[in-house]
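Since the structure comes first, as structure tokens, the remarks are kept for the end.
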Amino acid sequence: MTLSPLRIVVCGTDTDVGKTVVSAWLVQGLHATYWKPVQSGLDDGGDRDRICQLLNLPPERWLREAYAFRRPLSPHWAAECDGQELDPGRLGLPPCNGPLVVETAGGLMVPLNRSWLQIDQLQRWQLPVVLVARSGLGTLNHTLLSLEALRHRGIAVLGLILNGPTHADNPGTLEQFGGIPVLAQLPPLDPLDAHALDRQWRQQGLSTKFRQLFAPTRS
Ligand SMILES: [Mg+2]
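The sequence shown begins at 3 in the numbering used here and counts up one residue at a time.
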């Protein structure tokens, strides 16, 4: 695993758990470049458009998708519906000066083609993972299963980011059984904009947390 330069993969425990808003949070807070290598569903412009609008991100701060499929389906099937097949050889990390945030498609066991799962790609990238999970009911099972799968593959996990209304018990229970820290909790923001994300970033001391995670280790 390479902890320097600062490069992170944002994975989710499920679809629609908030990977994109958390990616935006990280891109802004870490002054990172955004890359969504595989996008399924272009009706609302896709996640890159959402991030660019939310953060008013200039063109030098995002990288073009390796694949963008029209339909909001699992990537393997979205590709086939577009008459394509995803080639993992095209998902190599693009050159990037400075921090990079990579947003995956769907959860860990989502197929990218008929013989390659998302988690196979994570193993190939060898980048540390931030796992995004929903804060409320259902997260214990989904999150602990995801952590077990990542651990089984030897993929490093920096920690969890919980998305949604604050829950009284789940953060502590996830840390206890998952054996990793909850790095942050992103509550629902109204309005959801760059300013509100920045306020949360500062309140939760995330610059310091990430600086410590990526501090060069002395031997
Ligand atoms: Mg997304």
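Just so you know, even glycine gets a beta-carbon here, dropped at the ideal spot from N, CA and C.
Nothing here was measured: the structure is a model prediction, and the numbers come from that model.
Quick check: what's the CA-CA separation for residue i versus residue j?
i	j	result
P173	H154	22 Å
T4	E105	With a pLDDT of 49 at T4, under the threshold of 50, the predicted position of this residue should be treated as unreliable, though the coordinate-derived value follows. One C-alpha to the other measures close to 17 Å.
W37	C13	13 Å
W118	I182	27 Å
P74	T15	18 Å
S221	Q55	With a pLDDT of 49 at S221, under the threshold of 50, the predicted position of this residue should be treated as unreliable, and no value is reported.
V40	L188	24 Å
L110	L152	8 Å
S148	G85	31 Å
N99	I10	14 Å
Q178	A80	37 Å
D192	L57	15 Å
D89	N115	8 Å
L59	C83	31 Å
V24	A34	13 Å
V103	L32	9 Å
L208	A186	8 Å
L8	T22	19 Å
A196	Q30	8 Å
P101	V19	23 Å
G180	L215	18 Å
A198	F212	19 Å
L176	L164	10 Å
Q120	Q128	13 Å
R126	I157	10 Å
V184	W27	15 Å
V112	L162	19 Å
L142	T17	15 Å
L146	L124	18 Å
What are the partner residues of residue i, as DSSP defines its beta bridges?
i	result
E105	V12
W64	Y36
A70	Q41
P113	L119
N165	R136 and L188
V19	In the DSSP output, where bridge partners are listed per residue, V19 has none listed.
Q131	Correcting the residue identity first, residue 131 is Val in this sequence and not Gln. Its beta-bridge partners are V11 and V159.
- Query: Is the number of C-beta pairs between the region 162–181 and the region 198–206 that are closer than 8 Å three or more?
  - Reply: no
- Determine contact between the region 116–134 and the region 46–56, defined as no fewer than three beta-carbon pairs at a distance below 8 Å. no
- Output the residues surrounding ligand 1, defined as those with a CB atom closer than 5 Å to any ligand heavy atom, in chain order. K21, T22 and D49
- Message: Within 8 Å, do at least three Cβ pairs link the region 57–70 to the region 135–144?
- Response: no
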